[in-house]
Each structure stands twice: as C-alpha cells, then as structure tokens.
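**Student:** Sharing a structure, written as structure tokens. Questions coming.
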Amino acid sequence: MNKIEHLGIAVKDLAASEQIFTDLLGAAPYKREEVPSEHVITSFFMIGESKIELLQATSEASAIHGFIEKKGEGIHHIAFAVDNLEAEIERLTSLGYRMIHEKPKEGADGKMIAFMHPSGTNKVLVELCADKA
Ligand code: ZN
Numbered sequence: 307m308n309k310i311e312h313l314g315i316a317v318k319d320l321a322a323s324e325q326i327f328t329d330l331l332g333a334a335p336y337k338r339e340e341v342p343s344e345h346v347i348t349s350f351f352m353i354g355e356s357k358i359e360l361l362q363a364t365s366e367a368s369a370i371h372g373f374i375e376k377k378g379e380g381i382h383h384i385a386f387a388v389d390n391l392e393a394e395i396e397r398l399t400s401l402g403y404r405m406i407h408e409k410p411k412e413g414a415d416g417k418m419i420a421f422m423h424p425s426g427t428n429k430v431l432v433e434l435c436a437d438k439a
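Each residue of the sequence shown is one higher than the one before, counting from 307 in this note's numbering.
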C-alpha cells in the first residue's frame, strides 16, 4: 500500500458539505462525478497527496443511503492506493481477509477499486484503489 488515497465521507446534502469542506481546506472541489452503478454522486477535494471524497446517495438503493439511515453522516471508508490491485486482492485473500469485490471494478475519479469486508478490519470499510491501466 502506497498512501491514503482518500477518505470517503457520507453526506446528506452534497452542496452544503462541499461548502463546509471548501471552508475547511481553503480550496474548492476539483471534480464532481456521478457513479450510477453505486447510486452515488461524489465530490473530490485534494489535500496534499490525499483526497477527500464526499458521497451523497442518489437513490435508496445506494449503500450510502443505508449507512446514513443506520449511523448518520460521517466517515464511511478509507481508501489505500496500491500499484497492482489484483495482486493485492490475492495477497489479502490468501491471508484470510474477505473481499466485498473479489475482482477490480470501476470506481470514481479514474480508479479501479475493490472494497474489503469490514468484519475483518475492525469494522473499518477499506477500499483498495489503483490507477486504470
Ligand atoms: Zn472511495
């Protein structure tokens, strides 16, 4: 793992949260991107070499909707940058960790991603991500 690629934060109102993080970080988001397969709209901020990803559900089918219903707004996941996503999935699986995605899938912001099952990682939802080849 190379670095913390981003922190994902579940929010109810993307525009209101963009204003909060623009105030906090002193810089506006560099992109907004909808991910229809995940029923979310995302907004990204750079902070040094890492990013903040705000996620708002676009339908009740979204995991973000369920998360906010259960726990309210807040930190949803931590994403680590890896060089070789398939190799990393294989390494962690061989150590006994469960993946939500056993194959890389398309994520936001030009990344291939895979989520790990939080039951094996102190209830922290971990996302692995790599640049698209
Ligand atoms: Zn993410």
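Even for Gly, the Cβ is constructed at its ideal location relative to N, Cα and C.
(1) Hey, would you say the C-beta of residue 387 is under 7 Å away from at least one heavy atom of the ligand ZN?
(2) Pull up the distance between the alpha-carbon of residue 337 and that of residue 346, whole angstroms please.
(3) Name, in chain order, the residues that DSSP records as bridge partners for residue 440.
(4) Go ahead and pull the three-state DSSP assignment for residue 416.
(5) I need the straight-line Cα distance from residue 362 to residue 339, nearest angstrom please.
(6) Buried or exposed: which applies to residue 410, given that a residue is buried once 16 or more other Cβ atoms fall within 10 Å of its Cβ?
**Tutor:** Answer, in terms of the structure:
(1) no
(2) 14 Å
(3) Since the first residue shown for the chain is 307 and the last is 439, residue 440 is missing from the structure and cannot be characterised.
(4) coil
(5) 11 Å
(6) buried
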